[in-house]
Structure formats: C-alpha cells, structure tokens
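To start, the structure under review is shown below, and the notes come after it.
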Amino acid sequence: MQKELLIKPLNGNDKAKLNGNGYSYEKINGFETLGDHHVGTSAETPLRFDAFEKSDDEKISLIEDKFRDIMEVIGLDLTDDSLQGTPHRVAKMFVKEIFYGLNPANKPKISVFDNKFKYNEMLLERDINMNSFCEHHFLPIVGKAHVAYIPSGQVIGLSKINRIVDYFARRPQVQERLTMQIANELKKVLKTDDVAVLIDAKHMCVSCRGIGDESSTTLTAEYCGRFKDRAVREEFLKYIGL
Ligand SMILES: [Zn+2]
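The opening residue of the sequence shown carries number 168 in this note's numbering; numbering runs sequentially from there.
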C-alpha cells in the first residue's frame with residue numbers, strides 16, 4: 168500500500184529514508200521514488216514521511232511565526248491593528264481549511280450501497296464546485312469538476328462525490344494530479360474501473376500574475392474503463408455540454 172507507507176511516521180521498521188534535502192524518498196521494497204523535483208512519478212502528493220508527526224496546533228503555531236517573518240520582510244508593520252491577527256489567521260487557514268486534504272485523517276468516510284435498482288447506465292455529477300491551490304505559486308485554482316461512473320455492484324451517496332473532490336482539492340496541487348487522484352479514489356471506493364473525471368478550472372497564477380491571461384481555463388480529464396470507448400466518452404461530454 169504505497170500511500171500508507173509514504174505517510175506513516177518513521178519508526179524502526181519503516182523503509183522510507185529522508186535524503187539530504189529533506190524531501191525525497193528512496194525506493195526500497197517496491198514503492199515509488201518521489202524525485203528531487205517532485206515531478207509526478209505517481210499520482211501521489213509528494214509528502215514527507217514525517218508529515219503528520221506534529222499536531223495541527225503545533226503546525227499552526229510554527230506557520231504563524233514564519234508567516235509573521237514573511238510579512239515583516241516585505242516591510243509590513245505588524246503592530247497595526249489590521250495586520251496583527253493576520254499571521255495566526257493565515258496559519259489556521261492553511262492547516263484547517265485550504266490544506267486540510269493533505270492529512271489522511273481528514274479523508275471523508277465513504278459508505279457505498281448495493282446497487283439494488285440494477286441501474287447500470289452512466290451516473291454523472293456535474294458542475295461540482297472546486298477550490299484548490301497551485302503548488303507552484305500557492306494561488307487559487309477555481310473551477311468545476313464533472314465526475315461520472317457506471318455502477319457495478321455498488322453505488323455511492325451523491326454528496327460523497329463532492330466530498331471526495333473537495334478533499335483532494337484542498338492541498339497544494341497540480342490540476343493533472345488532482346484529476347487522477349479523484350478518479351483513483353472513486354475506482355477504489357466503487358470497485359469499478361468505469362470512472363471519468365473532467366476538471367475545468369481557472370488558475371490565478373495565470374490570470375493575476377505572469378502572463379496575466381484573464382480568460383483562459385485549463386481542462387484535464389481522466390477516462391478509465393468503459394470511458395475509454397469513444398461512444399461512452401462522447402455521451403459523457405455531451406451531458407456536460409462539451
Ligand atoms: Zn501556479
């Protein structure tokens with residue numbers, strides 16, 4: 168279980184080893200290396216093995232100190248009424264809200280039901296609100312996710328699909344990885360390969376800085392199982408109006 172190994176705190180039996188730069192894992196015993204540049208060797212978010220040794224409160228307090236330093240370095244006067252509370256506010260927002268999805272303890276509990284109706288056509292949940300954050304600039308990625316599956320034996324409560332999207336979105340992300348993580352989780356939960364995920368999102372790092380393009384959006388799609396068939400994929404795209 169690759170994911171479990173990567174997130175487990177280091178103990179005597181763990182096979183993960185921290186490299187010199189403190190961020191890379193070495194491959195021992197069959198789980199994938201996450202390279203020095205964190206480029207996607209897998210769909211996993213590159214996490215340190217000690218990512219969850221500190222409590223949320225400890226993290227908030229550390230981030231608060233470091234964010235105060237950043238504000239002071241850019242020249243802000245932290246004695247000003249309006250700025251005083253910002254370091255704590257930002258730290259709490261990082262840990263409890265916008266990056267809560269890094270911690271597997273926060274993963275939504277998903278229950279599935281037997282497909283009693285024998286419904287075996289496509290089920291599509293479209294226009295799911297998605298707020299994520301680009302891991303290269305820590306700026307918002309805002310858009311919609313469209314998720315479809317063809318039930319095998321199991322179905323899922325509809326709002327659980329929104330929760331799965333939200334959980335994986337609330338991390339520093341790249342849109343490609345986010346798309347794959349949502350699809351992989353649904354395949355696991357629903358015990359079927361017949362899953363499709365399409366995300367259409369606006370990256371603030373493209374609109375607010377850099378090239379400054381206000382209008383472009385980015386589309387990423389993951390088609391698995393029967394969604395690789397052209398007819399099924401076209402039905403999916405027709406439903407979401409693409
Ligand atoms: Zn970016």
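From the three backbone atoms N, C-alpha and C, an ideal C-beta is built for every residue, glycine too.
{"Item": "Using the beta carbon as the reference atom, which residues fall closer than 5 Å to any heavy atom of ligand 1, ordered along the chain?", "Value": "Cys301, His303, His304, Cys372"}
{"Item": "Tell me the residue span of the alpha helix (DSSP H) that contains Thr346.", "Value": "342–357"}
{"Item": "Is Lys395 helix, strand or coil by DSSP?", "Value": "helix"}
{"Item": "Could you tell me the boundaries of the alpha helix (DSSP H) in which Asp333 lies?", "Value": "325–336"}
{"Item": "Run through DSSP, which three-state label would Ala258 get?", "Value": "helix"}
{"Item": "For Cys391, which residues of its own chain have a beta-carbon under 8 Å away from its beta-carbon, when the five flanking residues on both sides are left out?", "Value": "Ala350, Lys354, Asp360, Asp361, Val362, Ala363"}
{"Item": "Given this structure, state the Cα-to-Cα distance separating Ser382 from Val309, to the nearest angstrom.", "Value": "13 Å"}
{"Item": "Residues in the same chain with beta-carbon distance under 6 Å from His205, minus the five sequence neighbours each way, listed in chain order, please.", "Value": "Caution is warranted here: a pLDDT of 38 is assigned to His205, below 50, making its placement in the model unreliable, and the coordinate value is therefore given only provisionally. Cβ neighbours of His205 beyond the five flanking positions: Pro213."}
{"Item": "Restricting to Cα atoms, I'd like to know which of Ser249, Leu291, Ala388 is closest to Arg344.", "Value": "Ala388"}
{"Item": "What are the boundary residues of the beta strand (DSSP E) that Met297 is part of?", "Value": "290–301"}
{"Item": "What's the call for Lys226, buried or exposed, on a 16-neighbour Cβ count within 10 Å?", "Value": "buried"}
{"Item": "Roughly how many angstroms separate the alpha carbons of Ser278 and Asp333, rounded to a whole number?", "Value": "17 Å"}
{"Item": "Tell me the rounded alpha-carbon separation between Leu357 and Lys233.", "Value": "42 Å"}
{"Item": "Using a threshold of 9 Å, state whether the C-beta atoms of Lys311 and Ile366 are closer than that.", "Value": "yes"}
{"Item": "Just curious, the beta strand (DSSP E) that Asp380 is in, first and last residue?", "Value": "Counting along the chain, Asp380 falls outside any beta strand (DSSP E), and DSSP gives it neither H nor E."}
{"Item": "Look at Asn270 and Phe219 and say whether their C-beta atoms are less than 9 Å apart.", "Value": "yes"}
{"Item": "Return the chain-ordered list of same chain residues with a C-beta closer than 8 Å to the C-beta of Gly179, the five sequence neighbours on each side being excluded.", "Value": "Legend: pLDDT at Gly179 = 37, less than 50; position of this residue unreliable, no value from coordinates given."}
{"Item": "Determine the extent of the beta strand (DSSP E) in which Leu306 is found, giving its start and end residues.", "Value": "Unbroken run through Leu306: none, as it is neither H nor E."}
{"Item": "With a cut-off of 8 Å, do at least 3 Cβ pairs link the stretch 368–386 to the stretch 313–321?", "Value": "no"}
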